[in-house]
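Heads up: the structure comes next, in structure tokens.
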Amino acid sequence: MTDFKIPLRGAYNPSTSRAGTTPGSFANAPDIGGPRTFSSPDTPGMPQPSNKNAWDFMPEDWCFEDGRWRPPAGFVPLTQLEHARLGIVTPEMKRVAEREAHLSAEQVRDEIAAGRMIIPANRVHLGYDLDSMCIGRAGLTKVNANMGASPVSSGSDEELEKLRWAERWGADTVMDLSTGGDLDATREAIIRHSRVPIGTVPIYSMIIGRSIEELTLEVILESLRHQARQGVDYFTIHAGVAREHLPFIRKRLIGIVSRGGSLLAKWMLHHGQENPMYTHFEAICDLMREYDVSFSLGDGLRPGGLADATDAAQLGELDRLGELTERAWRRGCQVMVEGPGHVPFDQIEYNMKLQRQRCHGAPFYVLGPLVTDVFPGYDHITSAIGATSAGYHGAAMLCYVTPKEHLGLPKRDDVKQGCIAYKIAAHASDVALGIPGSRDWDDDLTRARAALNWEKHFDLAFDSDTARAFHDEDLDVDTDFCAMCGHDWCSVRISKEIVEFESGKADGFERERVMKSAALTLDQQEILRTRGHLSPEEIHRLAGKTKNAVGAEEKAACHSDVVNDETEAFRVQGEKLLQLRRKGNQGAPRA
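Take a look at the structure:
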């Protein structure tokens, strides 16, 4: 056999038990406590990590004595960053370590002190039901879900339903981007009912009842303080958009696509002054520090199409975001940085690693990015492709995109589709980076699949209802094959039957000799109804079936392990296989 050179670099095996035969992750060796944490190998020419972190940007009134930083007399830490700088492990850090099994509480503290990790946890929200989590490349990749009422669609009740739905489908944080209806009531309701951190873009509220030209420092601080008191965990502040960047926008195909960025550009052009969020940044920091509201430094000049990606406006703003990161750290505030947008696939690694350098390792929170612009209605897919690459190359949190992106306000099912697409991207990134234990779930499902244990297969699936419904749509009995290949062609069944192979024989994953397929639940019925392939009568039969409905009193005859005659098994299979009503020859099997 040819001696292949496998490009291993010392990454952890993402499988706790080193299951299977794969050599493991091709990522870099972990550097927890260093600038790379979990990282991908650099393509030649990529920007290298900064040699600085939050420890290099301490408040002016702290002093370094006897090998440690000391605050002024009477100092009271208010933020997670300030506690970490003092060596304190907070209850929130302990909770994060419980959720990030590969990290200790002390490692969490040290990553926060270095500015590479944040715990977005407003002290007000902690008094409700917030379950503390972290955002940082030393942790698992996180997913944010956006929602919010618009002037033409939705309201508080519908947004609360979307919140519950987003939490159900794995959102790690939620942003309320409401621009219509009762913004204050919607925000209050979301915070009080949310177990995940809540972010907002406060400039939306600042211009309710006034034009952007009327925005003043007093209005800015009043709006921020009000939302901080409500319990918002992180604010998107578009302080990086500068007057000097605006000439670079002129030749863009689609100009400024950030609402906050466009509003502040208009304010600057009207007043002939610098961005007030930049000018008064320290005052904003001091207010946010009081409640430990984290910064999400907004990318107001992010590209809105591939043709505008990685341009002078975007990179100029990124430089300023690096400066703002330093200023926020000096005021004791936690910081993450927002990123693009629409980026060709080949430019994603550069964007991720340039931010890591310019912002000294502060967590990167990216929207997508979308890798093509011509699939409206499917942008949860186009962007999840980019998001997987972004997570692997350094992004700490991925902002989901739904099928309604660019088209309208997402509804309940759009939220589900966006969350699932991005949970796939985040999980794939973690496995590729070699984060310990990240592949254990995959390995268990593979063991169930190899054993043809359908019930365990469904239980382990991220979306059990959809997996079960899709299976029963074609073959409504629990067999030792599926409708893709049928009995005689089932390679998994054949591998399981080969005594010399371990496939399908893992302890605890054996399927029972005889299984009776359960009736579909209401949720599973709805999944099939909306697919439109089965008639209402066929779905009703699946929902109400009994053991007699599958032609068995004690066992179903299409189980090959209880039918002696293979010809008989094949015949029963053909009778029980549901024939889909498809046009022409679309249902024909593929080679």
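Each residue of the sequence shown is one higher than the last, beginning at 809 in the working numbering.
Every residue, glycine too, gets a C-beta built ideally from N, C-alpha and C.
How many angstroms separate the CA atom of residue i from the CA atom of residue j?
{"i": "alanine 1360", "j": "alanine 1326", "result": "Below a pLDDT of 50, predicted positions are generally treated as unreliable, and alanine 1360, at 40, falls in that range; the measurement from the model is reported next regardless. Each residue's alpha carbon lies about 13 Å from the other."}
{"i": "cysteine 1207", "j": "lysine 860", "result": "27 Å"}
{"i": "aspartate 869", "j": "arginine 1164", "result": "27 Å"}
{"i": "alanine 881", "j": "aspartate 1100", "result": "21 Å"}
{"i": "glutamate 1318", "j": "phenylalanine 1270", "result": "21 Å"}
{"i": "proline 831", "j": "asparagine 821", "result": "8 Å"}
{"i": "glutamate 1213", "j": "aspartate 965", "result": "22 Å"}
{"i": "leucine 1132", "j": "glycine 1048", "result": "8 Å"}
{"i": "proline 1152", "j": "serine 1102", "result": "30 Å"}
{"i": "tyrosine 1012", "j": "asparagine 954", "result": "14 Å"}
{"i": "glutamate 975", "j": "valine 1004", "result": "8 Å"}
{"i": "arginine 1139", "j": "proline 867", "result": "6 Å"}
{"i": "arginine 1067", "j": "alanine 1236", "result": "31 Å"}
{"i": "isoleucine 927", "j": "alanine 827", "result": "33 Å"}
{"i": "aspartate 1252", "j": "glutamate 1263", "result": "13 Å"}
{"i": "threonine 845", "j": "alanine 1091", "result": "32 Å"}
{"i": "glycine 841", "j": "arginine 1247", "result": "23 Å"}
{"i": "glutamine 1142", "j": "glutamate 1134", "result": "11 Å"}
{"i": "phenylalanine 865", "j": "tryptophan 1137", "result": "6 Å"}
{"i": "aspartate 1315", "j": "valine 1209", "result": "40 Å"}
{"i": "histidine 933", "j": "glutamine 1035", "result": "11 Å"}
{"i": "isoleucine 1347", "j": "arginine 1276", "result": "13 Å"}
{"i": "threonine 851", "j": "alanine 997", "result": "46 Å"}
{"i": "threonine 810", "j": "serine 1303", "result": "25 Å"}
{"i": "leucine 889", "j": "alanine 922", "result": "9 Å"}
{"i": "lysine 1059", "j": "aspartate 1127", "result": "21 Å"}
{"i": "proline 815", "j": "arginine 931", "result": "46 Å"}
By Cβ distance, which residues of its chain are closer than 8 Å to residue i, with the 5 residues on each side in sequence left out?
{"i": "asparagine 1356", "result": "Residue placement at asparagine 1356 is poorly supported in this model, since its pLDDT is 42, which falls under 50; the coordinates are not used for a value here."}
{"i": "methionine 854", "result": "Glu1157, Tyr1158 and Lys1161"}
{"i": "alanine 905", "result": "Leu911, Ser912, Ala913, Gln915 and Val916"}
Quick check on this structure: which residue in the options has the alpha carbon closest to the alpha carbon of residue i?
{"i": "glutamate 1022", "options": "Arg1003, Met1076, Arg995 and Ser1066", "result": "Met1076"}
{"i": "tryptophan 863", "options": "Phe812, Pro857, Arg876 and Val1049", "result": "Arg876"}
{"i": "serine 1002", "options": "Ile1302, Ile1015, Ser1013 and Thr981", "result": "Thr981"}
{"i": "glycine 1108", "options": "Asp1116, Glu1125 and Ala1120", "result": "Glu1125"}
{"i": "glutamate 1052", "options": "Thr1044, Tyr1086, Val1027 and Ser1019", "result": "Tyr1086"}
{"i": "leucine 1029", "options": "Thr898, Asp1251 and Cys1093", "result": "Cys1093"}
{"i": "phenylalanine 1172", "options": "Glu906, Thr1180, His1188 and Gly1130", "result": "Gly1130"}
{"i": "glycine 1216", "options": "Ser823, Glu1308, Thr810 and Ser958", "result": "Ser958"}
{"i": "alanine 1234", "options": "His1088, Phe1278, Ala1192 and Leu1025", "result": "Ala1192"}
{"i": "glutamate 1072", "options": "Arg1060, Lys1059, His1046 and Arg972", "result": "Reading the sequence as shown, one finds leucine at residue 1072 and not glutamate. Checked all of Arg1060, Lys1059, His1046 and Arg972; the closest Cα to leucine 1072 is His1046."}
{"i": "aspartate 1181", "options": "Pro1211, Val897 and Gly1199", "result": "Pro1211"}
{"i": "leucine 1178", "options": "Pro1148, Gly1169 and Arg1166", "result": "Pro1148"}
{"i": "alanine 1170", "options": "Asp1248, Met983, Ala946 and Ile1347", "result": "Ala946"}
{"i": "threonine 1338", "options": "Gly1202, Glu1308, Phe1278 and Ser1019", "result": "Phe1278"}
{"i": "serine 823", "options": "Trp1249, Ser1343 and Arg1255", "result": "Trp1249"}
{"i": "serine 1343", "options": "Asp1282, Glu919 and Gly1294", "result": "Asp1282"}
{"i": "lysine 950", "options": "Pro849, Thr829, Ala1204 and Phe883", "result": "Ala1204"}
Only counting the same chain, and skipping five residues up and downstream in sequence, which positions put a Cβ closer than 7 Å to that of residue i?
{"i": "histidine 1033", "result": "With the sequence shown as reference, residue 1033 is identified as arginine, and histidine is not the correct amino acid for it. Taken in chain order, the residues that qualify are Leu1095."}
{"i": "glycine 1063", "result": "Ile1057"}
{"i": "tryptophan 973", "result": "Arg1220, Val1223 and Lys1224"}
Can you list, in chain order, the residues of its chain whose CB lies under 6 Å from that of residue i, leaving out five sequence neighbours each side?
{"i": "threonine 1274", "result": "Ile1335"}
{"i": "valine 1065", "result": "Gly1112"}
{"i": "threonine 1118", "result": "Gln1155"}
{"i": "alanine 1400", "result": "Because the chain in this structure spans residues 809 to 1399, residue 1400 falls outside the shown range and cannot be described."}
{"i": "methionine 901", "result": "Ala913, Val916 and Arg917"}
{"i": "leucine 1241", "result": "Ala835 and Phe846"}
What are the boundary residues of the beta strand (DSSP E) that residue i is part of?
{"i": "glycine 1194", "result": "Per DSSP, glycine 1194 belongs to no beta strand (DSSP E); it is in the alpha helix (DSSP H), 1187-1201."}
{"i": "tyrosine 1173", "result": "1172-1175"}
{"i": "arginine 972", "result": "Note, arginine 972: premise wrong, no beta strand (DSSP E); alpha helix (DSSP H) at 964-976."}
{"i": "valine 1400", "result": "Residue 1400 lies beyond the stretch modelled for the chain, which goes from 809 to 1399, so this question has no answer here."}
{"i": "asparagine 952", "result": "950-955"}
{"i": "tyrosine 1042", "result": "1042-1045"}
Determine the burial state of residue i: buried for a count of at least 16 other Cβ atoms within 10 Å of its Cβ, exposed for fewer.
{"i": "glycine 1352", "result": "exposed"}
{"i": "threonine 1196", "result": "buried"}
{"i": "lysine 751", "result": "The requested residue 751 does not occur in the structure, where the chain is confined to residues 809 to 1399."}
{"i": "serine 825", "result": "exposed"}
{"i": "histidine 1188", "result": "buried"}
{"i": "aspartate 1404", "result": "Residue 1404 is absent from the model: the chain starts at 809 and stops at 1399."}
{"i": "phenylalanine 812", "result": "exposed"}
{"i": "leucine 1408", "result": "Examination of residue 1408 is not possible in this model, given that the chain is present from 809 through 1399 alone."}
{"i": "arginine 817", "result": "exposed"}
{"i": "proline 838", "result": "buried"}
{"i": "glutamine 1081", "result": "exposed"}
{"i": "tyrosine 1042", "result": "buried"}
{"i": "phenylalanine 872", "result": "exposed"}
What is the residue span of the alpha helix (DSSP H) that residue i lies within?
{"i": "tryptophan 1297", "result": "Unbroken run through tryptophan 1297: none, as it is neither H nor E."}
{"i": "methionine 1076", "result": "1067-1079"}
Counting only beta-carbon atoms, is residue i nearer than 7 Å to chain D?
{"i": "tryptophan 1075", "result": "Given the protein chain composition of this structure (a single chain), no chain D is represented."}
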